[in-house]
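The structure appears below as structure tokens.
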Amino acid sequence: MKTKNIMYWVFIAPVLAALLIVVVVPFIWGIYYSLTEWSGDMAQTPVFTGFDNYKSLMSDPTFLSALWFTFKYAIVTVIIINVVGFSLALIVTSYIKSKNLLRTIFFMPNLIGGLILGFIWQFIFTNIFNALGELMGVEMLQGWLATPATGFWGLVILHVWQMAGYIMIIYIAYLQSIPDELLEAADMDGASYFQKLKNVVMPLVAPAFTVSMFLTLSGAFKIYDQNLSLTGGGPGGTTKMIAMDIVDTAFAMNTMGLAQAKAVIFFIIVAILSLTQVYYNKKKEVEL
1 MKTKNIMYWV FIAPVLAALL IVVVVPFIWG IYYSLTEWSG DMAQTPVFTG
51 FDNYKSLMSD PTFLSALWFT FKYAIVTVII INVVGFSLAL IVTSYIKSKN
101 LLRTIFFMPN LIGGLILGFI WQFIFTNIFN ALGELMGVEM LQGWLATPAT
151 GFWGLVILHV WQMAGYIMII YIAYLQSIPD ELLEAADMDG ASYFQKLKNV
201 VMPLVAPAFT VSMFLTLSGA FKIYDQNLSL TGGGPGGTTK MIAMDIVDTA
251 FAMNTMGLAQ AKAVIFFIIV AILSLTQVYY NKKKEVEL
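The opening position of the sequence shown corresponds to residue 1 in the UniProt record's numbering, with each subsequent residue numbered one higher.
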């Protein structure tokens, strides 16, 4: 037993060391720097200022605007991505002949990097949409990304297009694990498609909703590259998300202490929302 215990710690030690060096230590230092005034210059000694950075955030209109925009974006994308992903999973687990081809097509956007996707969709919105708008006389399609509303929905469309196929794969794994006997029994009882979906399929894939909502919620809050390449935070910073605001504060304004305070607040918010979502979904799994 002693030999087994020693070997256990020998094998797990590299993982613990990596976790300590990459996550724990930087996190602790980050909290310290959030309590200082520091420009990021290694030759400069950080000046301890206490909670001044956190106090200033409460009156920072840029940070509050980015936080509110990110909240709205996260709520909308989490709902749409999971609805679309689940719908696609239902389609490709049906009896259609081209389901394997469709799985590949739906998943492919997730393989493209966020920056590239942003530039691709920027071309679509600013050139193709504009050309179609002029051709069809639809003013709404012209000047896309030029307003906060269209910029918001442009980011939503991009993120849904990228992530729906990935979330589809998670739902497929759970849908394929449903015993055929249950669905056949429902058919024999005369259940309609939607009755089977509500009373048989949905309860059995409830864990998939927990996983998918966690991934989409945490991912939506951490969006940066798509935001940078598609809108750049414009027009006038109205589509700037919190990750971009933190990066701009750190590297454009050279106020590392303030940026780190924003990052700590950001971490707390995401942790609370994610844990709350997982707890609520786990509770619903038990009820179902």
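We put the beta carbon where it would ideally sit given N, CA and C, even for glycine.
- In the structure shown, residue 84 falls within a helical segment according to DSSP collapsed to helix, strand and coil.
- By the neighbour-count definition (other C-beta atoms within 10 Å, threshold 16), residue 140 is an exposed residue.
- Counted as a single uninterrupted DSSP element, the stretch harbouring residue 96 is not any alpha helix (DSSP H), since DSSP gives it neither H nor E.
- In this structure residue 44 is exposed. Its beta-carbon is surrounded by fewer than 16 other beta-carbon atoms within 10 angstroms.
- Secondary structure of residue 48 (DSSP, three-state): strand.
- Taking a contact to require three or more Cβ pairs closer than 8 Å, the segment 97-108 and the segment 168-181 qualify as touching.
- Look at residue 36 here: in three-state DSSP terms it is strand.
- Judged by beta-carbon spacing, residue 89 lies beyond the 9 Å limit of residue 159, meaning their Cβ atoms are not closer than that value.
- Taking a C-beta distance under 9 Å as the contact criterion, residue 65 and residue 238 qualify as a contact pair.
- Here residue 189 is exposed, its C-beta having fewer than 16 other C-beta atoms within 10 Å.
- Between the segment 202-213 and the segment 78-86, the count of C-beta pairs closer than 8 Å reaches three or more; the two stretches touch.
- Cβ contact annotation for residue 52 (same chain, cutoff 8 Å, sequence separation greater than five): 37, in chain order.
- For the alpha helix (DSSP H) assignment, the uninterrupted runs of no fewer than 4 residues enclosed by the segment 106-185 are, from N- to C-terminal side, 114-123, 129-136 and 148-175.
- The C-beta distance from residue 95 to residue 257 rounds to 59 Å, too long to meet the 8 Å contact threshold.
- Sequence-distant Cβ neighbours of residue 129 in its own chain, meaning closer than 8 Å and more than five residues away, are 141, 142 and 144.
- Annotation for residue 244: 66, 224, 227, 228 and 233 place their beta carbon closer than 8 Å to its own, counting only its chain and skipping 5 residues before and after.
- Excluding the 5 residues flanking it on each side, residue 204 has same chain C-beta neighbours closer than 6 Å at 178, in chain order.
- The residue from 174, 282 and 201 with its alpha-carbon nearest to that of residue 185 is 201.
- Going by beta carbons, residue 206 and residue 281 fall inside the 9 Å limit.
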